[in-house]
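Asker: Quick note on this note's numbering: the sequence shown kicks off at -5 and runs consecutively.
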Amino acid sequence: MFVPTLDALFARTGVPPSAVGALVVNCSGFCPAPSLAAAVAGHYRMRDDVRALNLSGMGCAAGVVGVDVARAALRAHAIVYGVVVSAEIVTVGCAGSTVSVPAKYRLVALARTNRTADDRSYMSAVREEDAEGITGFSIGRGLGGVARDLLRAHLLELGPAILPWHEKLRYVAALLLFRRQQKRSKKVPSDDDDDDGPRPNFLTAASHFCLPSSGMPMIRRLAEGLGLGELEAEAALMTFHRFGNQPAASLWYQLAYHEAKGRVRRGDRVWQLGMGSGPKANSAARTCTHR
-5 MFVPTLDALF
5 ARTGVPPSAV
15 GALVVNCSGF
25 CPAPSLAAAV
35 AGHYRMRDDV
45 RALNLSGMGC
55 AAGVVGVDVA
65 RAALRAHAIV
75 YGVVVSAEIV
85 TVGCAGSTVS
95 VPAKYRLVAL
105 ARTNRTADDR
115 SYMSAVREED
125 AEGITGFSIG
135 RGLGGVARDL
145 LRAHLLELGP
155 AILPWHEKLR
165 YVAALLLFRR
175 QQKRSKKVPS
185 DDDDDDGPRP
195 NFLTAASHFC
205 LPSSGMPMIR
215 RLAEGLGLGE
225 LEAEAALMTF
235 HRFGNQPAAS
245 LWYQLAYHEA
255 KGRVRRGDRV
265 WQLGMGSGPK
275 ANSAARTCTH
285 R
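What follows is the structure, given as structure tokens:
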């Protein structure tokens, strides 16, 4: 699975494996020894000083984490080329991308948020054995609330970096008006209250969206919460429909879907959002530089 994907990547970019200085491989549910990163580096006889790292157990969030790790390696060690490989064993799939210069996209913002210190959040989605000794993924009843609170905190961190100034001004004005109206009506907000006040228009933050694709209902619910329509969620929906559950690799499949449709133009911004166990939410915003 890795070899055909990486063979095609090296052939298309013209970058030989010997030039790769940083290799990041992520696969949530499979962590052998030697690692997958070591297997890839060994197969291609990569250089002795290659920074090979293996990530596991991060679900949909792993793709963006891999980019962050590769970016740190490029900066710290003056490396020219880095490769990020995302794969899953839930359904067969693999995607590879190069972090290099010149690049098709320029990374303009990256944010990572986690709630690992909260026990309720941490135990909301856990891989464990049941009473019969069968290993599976246990989903808690409170996962929806955990995901909502996590995403809210993540957007508070990411929003200022990706929203245009006119949308920031509009949102602040709407929020101040909402709070004044609440004060006048003496309404006390509650956890069960669906009215959270005004929301930023995230359609102004990006032209194309790549969302966690763990299931059709989840994709649609997340898109609705972000104020996105069917068109914006199309890449995630079609990725799940065609390839099934591809947590770590799904963001790259969706990016390829946007490109194959001919929708990504020079100057367009792509927002990749991943949410995984831990729990964690990670985002990468890129601007297209090549079309």
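Ideal placement from N, C-alpha and C gives every residue a C-beta, glycine not left out. Everything numeric in this text was worked out from a predicted model, so none of it was measured.
What are the uninterrupted segments assigned as alpha helix (DSSP H) that are 4 or more residues long and contained completely in the stretch 93 to 175, given in chain order?
Answerer: Correct list: 113 to 116 and 137 to 156.
Asker: Report the partner residues of Cys282 according to the DSSP bridge assignment.
Answerer: Your numbering for residue 282 matches position 288 in the sequence shown. BP columns for Cys282 point to Tyr99.
Asker: Does DSSP put Cys21 in a helix, a strand or coil?
Answerer: Taking the first residue of the sequence shown as 1, we reach residue 21 at position 27. Correct three-state label for Cys21: strand.
Asker: Under the assumption that Cys204 contacts Leu249 (Cβ atoms under 8 Å), give the Cβ distance between them as a whole number of angstroms.
Answerer: Within the sequence shown, numbered from 1, the residue matching residue 204 stands at position 210. Within the sequence shown, numbered from 1, the residue matching residue 249 stands at position 255. Indeed, because the Cβ distance is near 6 Å, the residues count as touching under 8 Å.
Asker: For a test of the three-state rule: what should DSSP assign to Ala81, helix, strand or coil?
Answerer: As a first step, residue 81 is located in the sequence shown; it is residue number 87 there, counting from the start. Here Ala81 sits in strand by DSSP.
Asker: Going by Cα to Cα distance, which pick from Arg174, Leu17 and Asn239 is closest to Gly36?
Answerer: As a position in the sequence shown, residue 36 is number 42, starting the count at 1. When only C-alpha atoms are compared, the closest one is Leu17.
Asker: In terms of DSSP beta bridges, what is Asn276 paired with?
Answerer: Here residue 276 refers to the residue found at position 282 of the sequence shown. Answer is Arg106 and Gly268.
Asker: Would you call the stretch 61 to 80 and the stretch 13 to 30 touching, i.e. three or more CB-CB distances under 8 Å?
Answerer: They touch, by the three-pair rule.
Asker: Quick check on Tyr38: does DSSP put it in helix, strand or coil?
Answerer: The residue labelled residue 38 in the question sits at position 44 within the sequence shown. It is coil, neither helix nor strand.
Asker: For Ala13, report the span of its beta strand (DSSP E) as first-last.
Answerer: One-based indexing of the sequence shown puts residue 13 at position 19. Taken as a continuous stretch (DSSP letters only), Ala13 belongs to no beta strand (DSSP E), as it is neither H nor E.
Asker: Just to check my reading of the structure: Gln302 and Tyr247 have Cβ atoms closer than 8 Å, yes? What is that Cβ distance to the nearest angstrom?
Answerer: There is no way to answer for residue 302, as the model of the chain reaches only from -5 to 285.
Asker: Do Ile133 and Ala155 have their C-beta atoms closer together than 8 Å?
Answerer: Mapped onto the sequence shown, residue 133 falls at position 139. Mapped onto the sequence shown, residue 155 falls at position 161. No; because the gap between Cβ atoms is not below 8 Å, this pair is not in contact.
Asker: For Gly46, which three-state DSSP category applies?
Answerer: The residue given as residue 46 occupies position 52 in the sequence shown. First, the amino acid is wrong: residue 46 is Ala here, not Gly. Reduced to three states, the DSSP call for Ala46 is strand.
Asker: Please report the Cβ distance between Gly136 and Arg100, rounded to the nearest whole angstrom; I am assuming they are in contact, meaning their Cβ atoms lie under 8 Å.
Answerer: On the sequence shown, residue 136 is found 142 positions in, with the first residue counted as 1. On the sequence shown, residue 100 is found 106 positions in, with the first residue counted as 1. Actually they are not in contact, since the Cβ atoms of Gly136 and Arg100 sit about 39 Å apart, beyond 8 Å.
Asker: Determine the contact status of Gly8 and Val44, defining contact as a CB-CB distance below 8 Å.
Answerer: Here residue 8 corresponds to residue number 14 of the sequence shown, with the count starting at 1. Here residue 44 corresponds to residue number 50 of the sequence shown, with the count starting at 1. Their beta carbons are not under 8 Å apart, which means Gly8 does not touch Val44 by this criterion.
Asker: Where does the unbroken beta strand (DSSP E) through Phe203 begin, and where does it stop?
Answerer: Taking the sequence shown and counting its residues from 1, the one referred to as residue 203 is at position 209. His202 to Cys204 is the extent of the beta strand (DSSP E) around Phe203.
Asker: What would DSSP say about Gly57, mapped onto helix, strand or coil?
Answerer: Position 63 of the sequence shown, counted from the first residue, corresponds to residue 57. Gly57: helix per DSSP, three-state reduction.
Asker: Gly76 by DSSP, collapsed to three states: which one?
Answerer: Residue 76 sits at position 82 when you count from the first residue of the sequence shown. Strand at Gly76.
Asker: Under the DSSP definition of a beta bridge, which residues are partnered with Arg263?
Answerer: By one-based count along the sequence shown, residue 263 stands at place 269. Answer by DSSP bridge pairing, in chain order: Thr281.
Asker: Where do the ends of the alpha helix (DSSP H) carrying Pro211 lie?
Answerer: Your numbering for residue 211 matches position 217 in the sequence shown. Taken as a continuous stretch (DSSP letters only), the alpha helix (DSSP H) holding Pro211 covers Met210 to Gly219.
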